[in-house]
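Printed below as a string of structure tokens:
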């Protein structure tokens, strides 16, 4: 492990954090960084640095890090760009192990002075082996240690889980975070790479592959300077953890914008897509799909194949699911004879007893529904179950009863579900089912099917067919 | 107007409703129908009918409708299928104006006795001109009169608005209703057609085109017996109100399932799609897209053309939007010179000042953002604005300030937005902006772009280019 990697480990798990540019003024980012650290519940020491204040956020502040007696593991820097070279020099002298550089105004600005400044500060830290996340980033969060080293305290509303998000855009990171709050997707780390002074996708992949808290790595990318270095980094760890990516730049306008925004090369979308797929990276086409798929990887086994059983509490959502299944390459299999016989015993002679199965007639009857799930789970044609249940006043108790069965039952195959109710009605039951590892839930049949299809697709782009990410 | 149409008007706006099969037993659908009527706030008279109880839900109950002295405008029927012929005969004798037949067990079951029963009850009511919604339906809701004539009281959680939902599936109706609660999409009516005894899509289109509460008609369809009758009904009202449709059956499995489930012909998806488009019906590919598009039609003008300005608070979501715009046929236009000059005055010399515009540098500055919106709104190349803003702790006040501008500003062109924050944080501001008609908001850039693209596509499939649905 090289020095950057060793220091990354320290900076993600620091005992002492300095905020250089800390502030009590809510108009300053240094205020929000302090708020993130304190409200996020970080248990280590926090040292605000600001020459203008003896106390910030109720903590003793220091004019510079040199005035702070103890060592500093992580420095979060929010001073104006022109002050960064001086601050970096002090960080090197102090032996700081890692830096989050939130400050903008480097390679991303039109003025060539920005690029010059970028080179200058890189020169200061690189020879010391100090990893820098940023510049031009919102920061990073390590949910395992409640370290919110970002200017957005609200990231701490997210729950701890197995998804690592690495992103080149603050906006997309915030979008994904806020969607994840609604979807109850859970994170190990969120890392805003910004302009990638010396910590690029390749370095982060190396780090996260060894991170025991992370089960799946989701990336948002606009453009990178050294795509082969990134691809080699992923290939090196092939089959250890799923790497999934959403990359903008498929349109001419966004490609141009990426070039400007991140100060890096963008380039032909199709070339990226092909190269990434060959490296075993799953290529996705939207932020929502990236999050949905990460959630599936974090909580579900990867199905052995594309054979799906569609079990729905009402016929319509089952049909909607079938359409998307077929479009996504999943197969609505025929059941084995004994499975079909079993279903026919549970359901009256209505038409939809073959796949898709409309369990509507067993609407009030959780034991019939449980029996159907059990039979289908044992069918060798079936690789995964799609379970689609809409709330109605008359079936309000169904999910609780079904939940008792599903959480006790040893699932041999993934259950991906769309179980939906008015806000607040089945939220606890769904959370319980997800936390028990009984299923992974989505708010629409389409999202459920696409997430499942992406699990199957991931297997197909791996060389080694058996991969297990479930913890 | 024929008798069915006249009676439809009465049954959607009844003064006296009988629930035939009303119950105090929560295991019966007759319980939930009573709950819907009472908890939904229906202000007319409710007459529970059940030979076994003198009082139901605290109201005097009658053995049969013949025992009820007053007239009955609407009868909601939830008795077992075999009792329906007798009940229908009584309804004819009583002069009931319309029936919601929730009972299942007709054409949709395997047993040919179901189809026979269907024909039998049709014979009873058809000559009397009594419209029947159902059988095999959850019911219908008229939000204008707080009439929840369904077995799902929770539909009354939805707010009154301009979208009419007509659906062949209870499951999809519930799915759409629960998604609409989260999306704050608002309804005039929700109608579950079920097996369509004598009220089919064509009759409902005729009715809703004259319904002053309805601004846009969204349909979920599995299959119909007389597609040309439906198409002619829509064509007859061409350009009066948008009709948008989501139809399952693109896959072999769902096509078969539709045939079984609804007791009707399904058939080639592409043929439907082509014929519907020719009739000016917008064809959509998912429940989410149907709802998102309905919400746009209900609250936005239809843009004059495909020219879009992408204004984002952070660069990433703007790029994501550009990719989807290009894929959906929208055009990221070049601004007129004076627009560009104005933007350049508001923003520092960062790269993303052309379209897409990254308003990040004006992050704390609502007046700069307002100025940019105003300039772009006046640009003759621009037909609509996409506004994408992610919350961050430091910009918490931005939306309130921007909101003051946007609600006071007379928008000449639609603003479709993706403004997103942690749950609860900007909800009030977004609702306020939507209620003021300032914008239509979605939780992802993709959804915002697709909804806008569907407005533009709708115009392109109309013969007459000017259509105004905004109330």
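Residue numbers (the working numbering), protein chains in the order written: chain A, 20 to 490; chain U, 20 to 490. We treat Cβ as the ideally placed atom computed from N, Cα and C, and that holds for glycine. On a predicted model such as this, the values are computed, not experimentally measured, just so you know.
{"Check": "Write down every uninterrupted run of the beta strand (DSSP E) in the segment 178 to 239 of chain A whose length is 3 residues or greater and which is fully enclosed by it, in chain order.", "Outcome": "179 to 186, 206 to 211"}
{"Check": "Using 8 Å for Cβ pairs, my map puts residue 62(A) next to residue 161(A). What's the rounded Cβ distance?", "Outcome": "Not quite, the Cβ-Cβ distance comes to about 12 Å (not below 8 Å), so this is no contact."}
{"Check": "For residue 341(U), go through chain A and note every residue whose CB falls closer than 8 Å to its CB, in chain order.", "Outcome": "267, 270, 272, 273, 276"}
{"Check": "Which residue marks the beginning of the beta strand (DSSP E) containing residue 117(A), and which one marks its end?", "Outcome": "117 to 120"}
{"Check": "Exposed or buried, what is residue 272(U) when buried is set at 16 or more other beta-carbons lying within 10 Å of its beta-carbon?", "Outcome": "buried"}
{"Check": "Closer than 7 Å, Cβ to any Cβ of chain U: which residues of the segment 295 to 324 of chain A, in chain order?", "Outcome": "305, 306, 307"}
{"Check": "Indicate whether residue 95(A) and residue 36(A) have their beta-carbon atoms separated by less than 8 Å.", "Outcome": "yes"}
{"Check": "Going by the beta-carbon positions, is the gap between residue 337(U) and residue 377(U) smaller than 8 Å?", "Outcome": "yes"}
{"Check": "How long is the line joining the alpha carbons of residue 295(A) and residue 313(A), rounded to whole angstroms?", "Outcome": "17 Å"}
{"Check": "Identify which residue in 306(A), 128(A), 381(A), 311(A) has its Cα closest to the Cα of residue 463(U).", "Outcome": "306(A)"}
{"Check": "Could you tell me whether any Cβ in chain U is nearer than 8 Å to the Cβ of residue 326(A)?", "Outcome": "no"}
{"Check": "Following the continuous beta strand (DSSP E) through residue 437(A), name the residue where it begins and the one where it ends.", "Outcome": "434 to 439"}
{"Check": "Could you check which residue in 106(U), 89(U), 90(U) has the C-alpha nearest to that of residue 39(U)?", "Outcome": "106(U)"}
{"Check": "Nearest chain U C-beta to residue 26(A) closer than 8 Å, yes or no?", "Outcome": "no"}
{"Check": "Give me, in chain order, the residues of the same chain whose beta-carbon lies closer than 6 Å to that of residue 81(A); leave out the 5 immediate sequence neighbours on both sides.", "Outcome": "68, 87"}
{"Check": "Is residue 448(A) a contact residue of the ligand HEM, with contact defined as CB to any heavy atom under 7 Å?", "Outcome": "In the structure shown, the ligand HEM is absent, as is every other ligand, since no ligand is present at all."}
{"Check": "Among the residues of its own chain, which have a CB less than 6 Å from the CB of residue 339(A), if the five just before and after it don't count?", "Outcome": "464"}
{"Check": "Which residues of the segment 384 to 416 of chain A have a Cβ closer than 8 Å to any Cβ of chain U? Give them in chain order.", "Outcome": "407, 409, 410, 411, 412, 413"}
{"Check": "Does DSSP put residue 30(U) in a helix, a strand or coil?", "Outcome": "helix"}
{"Check": "Residue 439(A) to residue 173(U), Cα distance in whole Å?", "Outcome": "13 Å"}
{"Check": "Which residues in chain A sit within 9 Å of residue 491(U), going by Cβ to Cβ distance?", "Outcome": "Within the shown structure, residues of chain U are numbered from 20 to 490, placing residue 491(U) beyond reach of any answer."}
{"Check": "Assuming contact is defined by CB atoms lying nearer than 8 Å, are residue 13(A) and residue 364(A) in contact in what I supplied?", "Outcome": "Lying outside 20 to 490, the shown extent of chain A, residue 13(A) is not represented and no answer is given."}
{"Check": "Three or more C-beta pairs closer than 8 Å, one from the segment 147 to 157 of chain U and one from the segment 112 to 122 of chain U: is that the case here?", "Outcome": "yes"}
{"Check": "Would you check if the distance between the CB atom of residue 227(A) and the CB atom of residue 263(A) is smaller than 8 Å?", "Outcome": "no"}
{"Check": "Is it a yes or a no for the segment 423 to 432 of chain A touching the segment 177 to 189 of chain A, going by three-plus beta-carbon pairs under 8 Å?", "Outcome": "no"}
{"Check": "How many whole angstroms separate the CB atoms of residue 71(U) and residue 121(U), which I take to be in contact at a CB cut-off of 8 Å?", "Outcome": "Not confirmed; about 19 Å, so no contact."}
{"Check": "Shortest alpha-carbon distance to residue 192(U) belongs to which of 163(U), 221(U), 237(U)?", "Outcome": "237(U)"}
{"Check": "Please list, in chain order, the chain U residues whose beta carbon lies closer than 7 Å to that of residue 54(A).", "Outcome": "412"}
{"Check": "Is there a C-beta anywhere in chain A that falls below 8 Å from the one on residue 334(U)?", "Outcome": "yes"}
{"Check": "Of the residues that make up the segment 432 to 450 of chain A, which ones have a beta carbon closer than 7 Å to any beta carbon in chain U?", "Outcome": "439, 440, 441, 442"}
{"Check": "What did DSSP end up calling residue 303(U) once you bin it into helix, strand or coil?", "Outcome": "strand"}
{"Check": "Three or more beta-carbon pairs under 8 Å between the segment 311 to 326 of chain U and the segment 240 to 256 of chain A, yes or no?", "Outcome": "no"}
{"Check": "Can you give, in chain order, each stretch of the beta strand (DSSP E) that sits fully within the segment 28 to 65 of chain A and has at least 3 residues?", "Outcome": "35 to 39"}
{"Check": "Return the CA-CA distance between residue 389(A) and residue 437(A), expressed in angstroms with no decimal places.", "Outcome": "16 Å"}
{"Check": "Looking at C-alpha atoms only, which residue of 55(A), 78(A), 26(A), 59(A) is the closest neighbour of residue 66(A)?", "Outcome": "78(A)"}
{"Check": "Please list the partners that residue 49(A) has in chain U, where partner means a Cβ-to-Cβ separation under 9 Å.", "Outcome": "The contacting residues do not exist; residue 49(A) stays about 10 Å from chain U at best."}
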